[in-house]
Every structure is written in C-alpha cells, then in structure tokens.
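If you count by the numbering used here, then the sequence shown holds residues -4 to 216, one letter each, in order.
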Amino acid sequence: MSNLWAVRVIKILFFLISVSMHAQPMLESGKTIGSGDEYLELSILGYPVQPNSSWQYSQSQLQKQIGICDKWEVRYAFATGQNSERFHLSILAGMQYLIHEEGNWSGSLSATVSYLRGDQIIPQNKFWYSASHISKRNIELNINLGFCQNTFNDPFQPLIAAGWIIPASKSEFIHLEIYLQPGGNSALQIGYDFSKNNHQTLFMIAYNPQGPPAFSLVRSL
-4 MSNLWAVRVI KILFFLISVS MHAQPMLESG KTIGSGDEYL ELSILGYPVQ
46 PNSSWQYSQS QLQKQIGICD KWEVRYAFAT GQNSERFHLS ILAGMQYLIH
96 EEGNWSGSLS ATVSYLRGDQ IIPQNKFWYS ASHISKRNIE LNINLGFCQN
146 TFNDPFQPLI AAGWIIPASK SEFIHLEIYL QPGGNSALQI GYDFSKNNHQ
196 TLFMIAYNPQ GPPAFSLVRS L
C-alpha cells in the first residue's frame, strides 16, 4: 500500500512539472553567506519554451555559492532541459558584493553572465540590487530591483520582486514571492520550506496569467 502511495505522489509531481509555466528566477537575498562558507542547491522545475507555448520541458539546475570573504561571494550554475525538439543548456557565473549592513537591514549588488544553448533556462545577463530585513518576529523580507536579459535575442527588461519568509516553527517556513517583469514573466509564488539535518527543502507553486500553475522543488545539498 505504501509503495502504491509513493508511485501516485511521483506521478502527481511529474504531472505538475509537465504543465508548468515560464520559469521564474529564485528571489535573491541581500546577505552574503560569509567568508569560507559554501552553499550548494539542486532545483527541479519545468515550463514552456515560450509563454503560452504547447512545447514544454522539465529542467534541472545545480547552483553553488562560495563566500570568498565577508563582503564578496561568487556563484556558478549549470542547467539542462529537454523537450521533443532540442536539448537546452545554460552555464552561469556571477558575483555578489555586500554594500551595507546596519541593524536588521542588509543590501548587496550582484551581476551574472551566462552561456545559453537553446531557449531560456536560467536568466542570462542580469544586474540587480537586493535588500533583506529581519523583523522582531523573525519574518524575513527580500526585495530585488534590477535588469535581466532572458535570452541573447531579448532586450534587457526591468526586474522587480519582493518576498517574505514567515516562520511556521523552528524548522518550517512559508515563502510568499511576487515578481513583476515584462514579457509575460510576472508571477505569484507560494512555498513550504523545512529543514532537516541542516539541509533545506523548498516546495514552490507559482501562478502566472500567461500559463497554468507551475511546480518547483529546491533542495540544499
């Protein structure tokens, strides 16, 4: 009986991935991870090749962040996707610099560049400012402002995003994120986040007016 339940859950997850929308970048924190620290995460999601497209594919992305000092952080990411037409590949590298930290506020400037083969998998050339605030109730607010080029042929577009991380318990959190971006790439996301043995798992469901709801899974390794 338990094996049958597990099979049904897996089928539901793959169904949600297969009917997902245009991908959203994960909201960025204004904090750096700290000197000598590393963070590695794996995300699985899916979306149409273009908004409202009938061609869809699932995507996997591996991203690593490395703190080279208290203010500087480097990152790189590797993503692949496959549909019935072609194989998709994206390789990204970037840096983040902490420009201010005072009280419960912190802010940083970040930039990434990427090689792309195929259609959008992860945003290509991106420059943004991110700010983070921790309230007295430990509610975290993250704000992102910047510009993003989704593919080499697209113009740079403004990126505005805000998100709240609300504690539900000591190891469980609710995520609420809002993205405002031209080109049919705006969305509202809500997620459930829990940690076990110092590893974070985040389930996200997103809604975009241009397409059906999307599902994503992010796991720290």
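Glycine is no exception: its CB is placed at the ideal position from the N, C-alpha and C atoms. Values in this document were obtained by computation on a predicted structure and should not be read as measured data.
Suppose the cutoff is 6 angstroms on Cβ atoms and the five residues either side in sequence are ignored; what does the same chain contact list for residue 32 look like?
Translated into the one-based positions of the sequence shown, residue 32 becomes position 37. Once the five neighbours on either side are set aside, the close Cβ partners of residue 32 are 62.
Which of the three DSSP states, helix, strand or coil, is assigned to residue 119?
As a first step, residue 119 is located in the sequence shown; it is residue number 124 there, counting from the start. In this structure, residue 119 counts as coil in the three-state DSSP scheme.
Would the beta-carbon of residue 25 fall within 8 angstroms of that of residue 102?
Numbered from 1 along the sequence shown, position 30 holds the residue referred to as residue 25. Numbered from 1 along the sequence shown, position 107 holds the residue referred to as residue 102. Cβ atoms of residue 25 and residue 102: closer than 8 angstroms.
Would you tell me roughly how many angstroms separate the C-alpha atoms of residue 227 and residue 175, rounded to the nearest one?
The structure shown does not extend to residue 227, since the chain is modelled only from -4 through 216, so no value can be given for it.
Report back the beta-carbon spacing between residue 72 and residue 91 to the nearest angstrom; my notes put them in contact at under 8 angstroms.
Taking the first residue of the sequence shown as 1, we reach residue 72 at position 77. Taking the first residue of the sequence shown as 1, we reach residue 91 at position 96. Incorrect: roughly 13 angstroms between the Cβ atoms, too far for contact.
Using the C-alpha atoms, what's the distance from residue 37 back to residue 211?
Taking the sequence shown and counting its residues from 1, one reaches residue 211 at position 216. Taking the sequence shown and counting its residues from 1, one reaches residue 37 at position 42. When rounded, the distance between both Cα atoms is 11 angstroms.
Assumed close pair residue 128, residue 99 - CB separation to whole angstroms, cut-off 8 angstroms:
If you number the sequence shown from 1, residue 128 lands on position 133. If you number the sequence shown from 1, residue 99 lands on position 104. Going by Cβ atoms, the distance from residue 128 to residue 99 rounds to 5 angstroms, so yes, they are a contact pair.
Relative to the alpha-carbon of residue 86, which residue among 106, 58 and 142 has its alpha-carbon at the smallest distance?
Reading the sequence shown from its first residue, position 91 is the one you call residue 86. Looking at the Cα atoms, 58 is the closest of the given residues.
Would you mind sorting residue 65 into buried or exposed? The rule is 16 or more other CB atoms within 10 Å of its CB.
As a first step, residue 65 is located in the sequence shown; it is residue number 70 there, counting from the start. By the neighbour-count rule (16 or more Cβ atoms within 10 Å), residue 65 is not buried but exposed.
Around the C-beta of residue 193, are 16 or more other C-beta atoms found within 10 angstroms, so that it is buried, or is it exposed?
Position 198 of the sequence shown, counted from the start, is the residue given in the question as residue 193. So residue 193 counts as exposed.
By how many angstroms is the C-alpha of residue 133 removed from the C-alpha of residue 119?
Translated into positions along the sequence shown, residue 119 becomes position 124. Translated into positions along the sequence shown, residue 133 becomes position 138. Residue 119 and residue 133: Cα-Cα distance of roughly 33 angstroms.
Here's a check: name, in chain order, each residue in its chain whose Cβ is nearer than 8 angstroms to the Cβ of residue 142, leaving out the five neighbours to either side.
The residue labelled residue 142 in the question sits at position 147 within the sequence shown. The residues are 121, 122, 123, 151, 152, 153 and 154.
Through-space distance from residue 34 to residue 74, alpha-carbon basis
One-based indexing of the sequence shown puts residue 74 at position 79. One-based indexing of the sequence shown puts residue 34 at position 39. In a straight line, the C-alpha of residue 74 is about 17 angstroms away from that of residue 34.
So which of 135, 93, 69 and 95 has the shortest CA-CA distance to residue 107?
What you label residue 107 is simply residue 112 of the sequence shown in a count that begins at 1. Comparing Cα-Cα distances from residue 107 to each of 135, 93, 69 and 95, the minimum goes to 69.
Determine which residues share a DSSP beta bridge with residue 27 and list them.
As a first step, residue 27 must be located in the sequence shown, where it is residue number 32. In DSSP, residue 27 forms no bridge with anything.
Could you tell me the alpha carbon to alpha carbon distance between residue 105 and residue 137, rounded to whole angstroms?
By one-based count along the sequence shown, residue 105 stands at place 110. By one-based count along the sequence shown, residue 137 stands at place 142. Each residue's alpha carbon lies about 14 angstroms from the other.
With distances taken Cα to Cα, identify the nearest neighbour of residue 22 among 196, 187, 169 and 159.
Taking the first residue of the sequence shown as 1, we reach residue 22 at position 27. Measuring from the Cα of residue 22, the nearest candidate turns out to be 159.
Runs of alpha helix (DSSP H) wholly within the stretch 161 to 194 (minimum 4 residues, chain order):
none
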